[in-house]
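In the working numbering, the protein residues as written are 33 to 569.
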């Protein structure tokens with residue numbers, strides 16, 4: 033299948049040679065393809081791949097970008113690959129591989145990532161040892177303190193840092209703060225990294241926090257920056273993330289602004305509905321989306337009597353169930369909070385409607401790709417690790433010459449998610465290498481993965497095991513599982529569904545008006561491809 037051509041705006045983003053570029057990428061605008069093609073273009077133009085740092089918001093996004101890059105044709109991977117990482121894993125990888133950085137931070141060996149329970153135990157012990165009376169909120173948050181309490185907080189933090197270094201552990205927050213400080217002060221031990229990374233690409237830049245922004249600003253003026261962002265999709269303010277940086281540079285002289293506004297996900301009607309609502313945003317960073325195909329009108333169902341005890345209006349639940357009973361497409365019911373999700377789940381259970389609270393359908397291609405490629409499999413399985421586990425994985429993999437699949441299984445084979453996924457991969461490989469005909473193998477594998485795909489083989493077909501799995505994969509790339517997903521809007525960020533039902537809009541738990549709530553609503557609207565229904569007060 034021939035690769036789709038880039039549109040003019042995507043091509044401009046790929047080809048631009050300006051030193052500082054802000055790419056405002058609307059929902060469904062093909063930003064991942066654009067980011068990957070831009071890196072490819074740089075490498076083909078002679079840029080050393082090892083001088084490119086691509087920072088993403090999640091491990092899964094870093095994994096996807098790296099895999100897309102490796103599949104590009106004609107690149108000499110022997111010359112190295114760009115660094116595809118989250119900010120956390122980038123900071124930790126420096127600590128793991130660089131003795132001078134560890135020494136500067138006060139560690140003689142690679143520290144382990146401290147999990148929440150361990151950290152809580154250490155903090156409690158320190159508070160008792162020094163007789164600290166401050167609450168956890170006063171110690172952890174940026175609350176206003178008088179001079180006496182500020183001194184107590186400084187004493188506590190000093191004792192905490194001393195203790196975690198003594199135990200040879202580190203938290204991600206402390207690690208990122210300390211590494212950023214080394215970059216900000218241009219410490220001698222990190223100057224080589226500023227010299228190495230001449231091209232820095234940041235995805236989801238609207239979700240950066242202040243320390244990450246200071247990290248970027250610490251690089252020399254010769255560094256090339258390509259930031260990809262959508263200020264209206266900043267929904268992680270509670271984690272300290274801010275879109276203010278994006279807003280400022282969208283109006284700053286010296287920054288080239290490119291807007292990707294063609295939306296390949298949603299219909300014209302859904303795009304126009306979201307555009308009308310997004311008028312709360314300033315034109316400098318707002319991205320009016322252009323749908324590429326027409327569909328049905330957006331349904332807005334008003335009138336609600338939801339209350340504290342009944343988080344979702346009963347009439348709305350009845351209408352939702354009626355719609356789902358005739359729905360035959362992949363759907364998502366998106367809510368503001370887990371309380372509303374629980375209410376919806378109870379209603380679906382009572383109505384006998386199957387639903388899921390996990391994104392199982394998104395793993396189908398990963399199972400097949402993992403069955404074909406051990407390196408891909410390790411990368412995918414490692415993305416299932418939580419923050420601490422992933423930190424340990426980075427630390428341990430840097431200490432062995434060949435951290436392959438067997439090494440990975442020896443460490444994480446009993447991890448629940450990894451064990452389940454690994455067993456399914458083994459079954460796919462066992463079926464593919466078994467004595468059955470390709471037709472029977474095809475049917476067994478597709479049944480096991482619960483996918484509907486047409487078998488084009490007959491009993492006389494002769495095909496290799498690899499070609500069999502590849503054909504299954506190629507046939508289902510556009511497959512949409514007929515499942516109903518129920519979850520929060522935060523859980524659906526970055527995903528898409530044929531039909532989306534947004535619940536409880538303008539209720540007590542989801543009152544529009546603040547930027548945070550407006551952005552949350554905008555993200556919910558832009559998950560829909562063909563059908564969008566909004567239940568609101």
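Just so it is clear, CB atoms sit at the ideal spot from N, CA and C, and this is done for glycine as well.
Everything numeric in this text was worked out from a predicted model, so none of it was measured.
The C-beta distance from residue 62 to residue 296 rounds to 6 Å, short enough to meet the 8 Å contact threshold.
In the DSSP assignment, residue 462 falls within the alpha helix (DSSP H) that extends over 448-464. According to DSSP, residue pairing for residue 472 in a beta bridge does not occur. Taking a C-beta distance under 9 Å as the contact criterion, residue 526 and residue 365 do not qualify as a contact pair. Sequence-distant Cβ neighbours of residue 147 in its own chain, meaning closer than 6 Å and more than five residues away, are 420. Shortest Cα-Cα distance from residue 413 to any of 75, 431, 92 and 54 involves 92.
Within the same chain, Cβ atoms closer than 7 Å to the Cβ of residue 306 are found at 321, 554, 557 and 558, the five residues on either side in sequence being excluded. Closest by C-alpha distance to residue 58, out of 564, 42, 46 and 207, is 42. According to the DSSP assignment, residue 132 belongs to no beta strand (DSSP E) but to the alpha helix (DSSP H) extending over 131-137. Partner residues in the beta bridge of residue 332, as assigned by DSSP, are 566. In this structure, the alpha-carbon of residue 52 lies about 10 Å from that of residue 285. For residue 261, there is no enclosing alpha helix (DSSP H); the residue is found in the beta strand (DSSP E) stretching over 256-261. In terms of Cα proximity to residue 245, the closest of 276, 435, 254 and 106 is 276.
At the C-beta level, residue 280 and residue 238 stay beyond 9 Å of one another. The C-alpha of residue 550 lies about 14 Å from the C-alpha of residue 566. Only exposed fits residue 543, as fewer than 16 other CB atoms lie within 10 angstroms of its CB. Per DSSP, the beta bridge partners of residue 295 are 323.
Within the same chain, and ignoring the five residues on either side of residue 39 in sequence, the residues whose Cβ sits closer than 7 Å to its Cβ are 294.
The continuous beta strand (DSSP E) containing residue 520 extends over residues 516-520. Residue 331 and residue 301 have their C-alpha atoms spaced approximately 10 Å apart. Here DSSP, grouped into helix, strand and coil, assigns residue 213 to helix. In the displayed model, residue 561 falls within a strand according to three-state DSSP.
A contact is defined here as three or more CB-CB pairs under 8 Å, and the segment 424-440 fails this definition with respect to the segment 461-472. With the rule of 3 Cβ pairs closer than 8 Å, the segment 183-198 does not count as touching the segment 101-121.
From the listed residues 177, 328 and 181, the smallest Cα separation to residue 561 is found for 328. Between residue 255 and residue 228 the beta-carbon gap is near 11 Å, outside 8 Å, which marks them as no contact.
Judged by DSSP in its simplified three-state form, residue 117 adopts strand. If you draw a straight line from the Cα of residue 482 to the Cα of residue 455, it comes to about 16 Å. Here residue 66 really is in contact with residue 45; their C-beta atoms are around 5 Å apart, less than 8 Å. In the three-state scheme derived from DSSP, where H, G and I count as helix and E and B as strand, residue 58 is classed as coil. Residue 86 is bridged by DSSP to 116 and 233. Listed in chain order, the alpha helix (DSSP H) elements of length 4 or more contained wholly in the segment 141-221 are 148-162, 168-172, 179-198 and 204-216.
Contact check for residue 461 and residue 403: beta-carbon distance about 5 Å, within the 8 Å limit, so the pair qualifies. Going by C-alpha positions, residue 167 is about 28 Å away from residue 240.
Cβ-Cβ distances below 7 Å link residue 372 to 343, 344, 535, 536 and 541 in the same chain, with the five nearest sequence neighbours on each side left out; the list follows chain order.
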